[in-house]
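Note that the protein sequences, when read in sequence, are chains E and D. For the first sequence, my numbering assigns the number 4 to the initial residue and increments by one for each residue that follows. For the second sequence, my numbering assigns the number 4 to the initial residue and increments by one for each residue that follows. To start, the structure under review is shown below, and the notes come after it.
Number of protein chains: 2
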Amino acid sequence: MPQAERFQADDPTMRFVEAWGRMGSVWGISRTMAEVHALLYITGAPLCTDDVMETLEISRGNASMSLRALVDWGIVGRVHKRGDRKEYFVAEQDVWTVFRSIVRERIKREVDPLLASLYEVRDDLAPAAERGTDPEVKARLEAMIDFLELCAALGERFAGPTGPGLQLAASLLARNHRSKHAD
Amino acid sequence: MPQAERFQADDPTMRFVEAWGRMGSVWGISRTMAEVHALLYITGAPLCTDDVMETLEISRGNASMSLRALVDWGIVGRVHKRGDRKEYFVAEQDVWTVFRSIVRERIKREVDPLLASLYEVRDDLAPAAERGTDPEVKARLEAMIDFLELCAALGERFAGPTGPGLQLAASLLARNHRSKHAD
DNA sequence: CTGGTCTTTCAGAACTTTTTGAAAGCAGAA
DNA sequence: TTCTGCTTTCAAAAAGTTCTGAAAGACCAG
């Protein structure tokens, strides 16, 4: 497999990359980052910064940033080839593992800080016997906190590093499934 | 409860609104939209466009757009008061229902289109006996498609309009839980 | 050390999204 | 009909984000 790949714009690989790129928002990352990930995933083999730059036609800086961010998210790993100074990158190949990393990261980055803020609000609410704050406000706040705690806990269980993941998902679908699709 | 509410910036209501606003990205909506939703949710009572404008200090246009979008997402409803020409808005009060609406919408808007693109790529790949496309590429594509289908199906089951939702979530947590938190 | 190869950083440019405010639209009352 | 009170729309402005490319940094080999 040659180092500098040249894909046609309508090559299946490229079409996959584009489709995946459009999804970036769902995973909470930028389009380019998603494309870089898609390219690494579908290619399977380790690619270096220049491969990524050339294939996606992006700048060196952008490639470097995106790759590092993917490594931070834990869904891309760094690899070295003997006798080659360059650094190579490989995407995790198990989709379920990818999913787990993403869920874990997003909970850490987004749900946890929100919960922290809400705890603060609640704690300031309780002791002061708050002049005139509707008690129902407190109840709604609690309801939201409970829900988010449940989400975080579920996320950990469902997608956590040790989680049952796939099997659990499958079994969920299995029990009392109604007739689905034909496709 | 007066029509034009005036909250202190550090009022618990406002603090909730701000915390929730910062979360917008997670739900795939803009900060302002999230704040409008937070305000309606925590207030509990129906508010009109002017209430929202004044409380959040945003323009009429923005308030109007955000409210309509929330109605489209199905997590805010329109209400009319007898003898009042104004339109009022109330947020769904059951957090689990809100969650379900959001999951359903996002799958519809984001996962389904992606799946559609991937099906196209796969279908173009199969018949042509594609000159030189690595068979592993096809395998990886299939793996991704399978995963996304599972997600969509799970989403429907778990968060769908008829779904078991909360109970299911609770039971998931219950079985083989390891010692969690104290807090 | 010096020179070469590769990686990272960062200020500004390009692009995207969000917000505004004024104008147009709509509906009921008189 | 016209007036009035309210809602929606939309073009332009502001704010926010992502990308580029050049320069600086790191590291190794000789």
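Think of the CB as a built atom: it goes at the ideal place given N, C-alpha and C, for glycine as much as any other residue.
7 Å Cβ shell around residue i - same chain, five flanking residues per side excluded
i             : result
serine 33/E   : Gly27
alanine 142/D : none
serine 104/E  : Trp76, Gly77 and Ile78
leucine 157/D : none
Inter-residue Cα distance where the pair is residue i and residue j
i                : j                   : result
threonine 136/E  : phenylalanine 161/D : 35 Å
arginine 18/D    : alanine 37/D        : 13 Å
glycine 77/D     : phenylalanine 150/D : 27 Å
valine 55/E      : valine 39/E         : 7 Å
leucine 128/D    : leucine 117/D       : 17 Å
histidine 83/D   : glutamate 90/D      : 6 Å
isoleucine 148/E : leucine 144/D       : 39 Å
arginine 25/D    : valine 106/E        : 18 Å
methionine 68/E  : phenylalanine 102/E : 21 Å
arginine 85/D    : valine 98/D         : 28 Å
arginine 88/D    : leucine 73/D        : 21 Å
Endpoints, the alpha helix (DSSP H) within which residue i is located
i                  : result
phenylalanine 10/D : Counting along the chain, phenylalanine 10/D falls outside any alpha helix (DSSP H), and DSSP gives it neither H nor E.
arginine 71/E      : 63-76
valine 114/D       : That residue, valine 114/D, is in no alpha helix (DSSP H); it is neither H nor E in DSSP.
isoleucine 105/D   : 98-109
alanine 37/E       : 34-46
Any C-beta of chain E under 7 Å from that of residue i
i                : result
isoleucine 148/D : no
valine 98/D      : yes
arginine 85/D    : no
proline 138/D    : no
alanine 7/D      : Confidence at alanine 7/D is low in this model, with a pLDDT of 41, below 50, so the placement of that residue should be treated as unreliable; the coordinate-derived value is given next. Output row for alanine 7/D: interface = no.
Sequence-distant residues of the same chain with beta carbon closer than 6 Å to residue i, five excluded per side
i               : result
tryptophan 23/E : Ala37 and Ala41
Residue i - containing beta strand (DSSP E), residue span
i              : result
glycine 158/D  : Premise fails: glycine 158/D lies in the alpha helix (DSSP H), 138-162, not in any beta strand (DSSP E).
glutamate 90/D : 90-94
glycine 24/E   : No beta strand (DSSP E) contains glycine 24/E, which is instead part of the alpha helix (DSSP H) from 15-25.
arginine 81/D  : 79-83
Residue i at chain D interface by Cβ criterion, 7 Å
i                  : result
arginine 112/E     : no
phenylalanine 92/E : no
proline 49/E       : no
leucine 18/E       : The sequence shown places arginine at residue 18/E, not leucine. Yes - at least one Cβ of chain D is within 7 Å of the one on arginine 18/E.
Own chain partners of residue i with C-beta closer than 8 Å, once the 5 adjacent residues on each side are dropped
i               : result
aspartate 115/E : Ala155
aspartate 13/E  : none
glutamate 152/E : Leu118
The stretch 89-96 of chain D contacting the stretch 37-56 of chain D, beta-carbon criterion three pairs below 8 Å = Output reads yes: the stretch 37-56 of chain D touches the stretch 89-96 of chain D.
The stretch 104-123 of chain E touching the stretch 61-69 of chain E, judged by at least three CB pairs closer than 8 Å = no
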